[in-house]
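**Student:** In terms of UniProt numbering, the sequence shown has 173 at position 173, counting the first letter as 1, and numbering is strictly consecutive. All residues carry an ideal CB built from backbone N, CA and C; glycine is no exception. Supplied in structure tokens, the structure appears directly below.
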Amino acid sequence: MEIYVDDDTKLTLHGLQLYYVKLAEAEKNRKLNDLLDALEFNQVVIFVSKVARANELNRLLTECNFPSICIHAGMKQEERIAKYKSFKDFNARILVSTDLFGRGIDIERVNVVINYDFPDDSDQYLHRVGRAGRFGTKGIAISFISSDADKEILEKVQSRFEVNIPELPDEIDMSSYMTT
Numbered sequence: 001m002e003i004y005v006d007d008d009t010k011l012t013l014h015g016l017q018l019y020y021v022k023l024a025e026a027e028k029n030r031k032l033n034d035l036l037d038a039l040e041f042n043q044v045v046i047f048v049s050k051v052a053r054a055n056e057l058n059r060l061l062t063e064c065n066f067p068s069i070c071i072h073a074g075m076k077q078e079e080r081i082a083k084y085k086s087f088k089d090f091n092a093r094i095l096v097s098t099d100l101f102g103r104g105i106d107i108e109r110v111n112v113v114i115n116y117d118f119p120d121d122s123d124q125y126l127h128r129v130g131r132a133g134r135f136g137t138k139g140i141a142i143s144f145i146s147s148d149a150d151k152e153i154l155e156k157v158q159s160r161f162e163v164n165i166p167e168l169p170d171e172i173d174m175s176s177y178m179t180t
């Protein structure tokens, strides 16, 4: 059976809370650390735009006592598969990735997605945030907005999918993104 969705507004992600944070590029690392400290999570996927950024952010997270693993296209397939399996088996709770991980990867325990680098288009946004809240669970997706281009794409996402993505509040009710 094939299913065709001819209305983008029907591509909503039920059970998923969507937010953005407006900040300067230089503030991203501090905000990410604050979020990882404050949020309750099973597993987190953090999306970045480039392989070098994935490697560097993975190193920084580990230095800040947030053990993470990294998956990107610059790795041999065997290494990517081994790291994917390790993440899926819950041997790691934080994954840093490029868009390689944005499609077709379903891991039940992922309940937080952070767009450290905002995606280039609304399709990629949908694929990335869709990694959280799978299999009828709840989730939260937080996107960092650090440029006018990011803001434009966020506006396109809201228009295309007919959703309102508010600014991240100071406090978030854990029950809104954690399945108990």
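#1: By alpha-carbon positions, which one of 25, 39, 23 ends up nearest to residue 173?
#2: Is DSSP giving residue 160 helix, strand or coil here?
#3: Ignoring anything shorter than 3 residues, give me the beta strand (DSSP E) runs that lie fully in the region 42-110, in order along the chain.
#4: Nearest CA to the CA of residue 147: which residue from 16, 18, 27?
#5: From residue 51 to residue 71, what distance separates their C-alpha atoms?
#6: Could you tell me whether the Cβ atoms of residue 43 and residue 110 are closer together than 8 Å?
#7: With contact counted as at least three CB pairs below 8 Å, one residue from each stretch, are the region 84-92 and the region 117-124 in contact?
#8: Any idea which residues DSSP pairs residue 112 with across the strands?
#9: In whole angstroms, give me the CA-to-CA distance for residue 161 and residue 64.
#10: State the DSSP-derived secondary structure class of residue 165, mapped to helix, strand or coil.
#11: DSSP on residue 145, reduced to helix/strand/coil?
#12: Starting from the Cα of residue 73, find the closest Cα among 59, 55, 66, 67 and give me that residue.
#13: Helix, strand or coil: which one does DSSP assign to residue 19?
#14: When the Cα atoms are used, what is the spatial distance from residue 99 to residue 107?
#15: Roughly how many angstroms separate the alpha carbons of residue 81 and residue 62, rounded to a whole number?
**Tutor:** So, to answer that:
#1: 39
#2: helix
#3: 43-47, 69-71, 94-97
#4: 27
#5: 9 Å
#6: yes
#7: no
#8: 44, 140
#9: 36 Å
#10: coil
#11: strand
#12: 55
#13: strand
#14: 15 Å
#15: 21 Å
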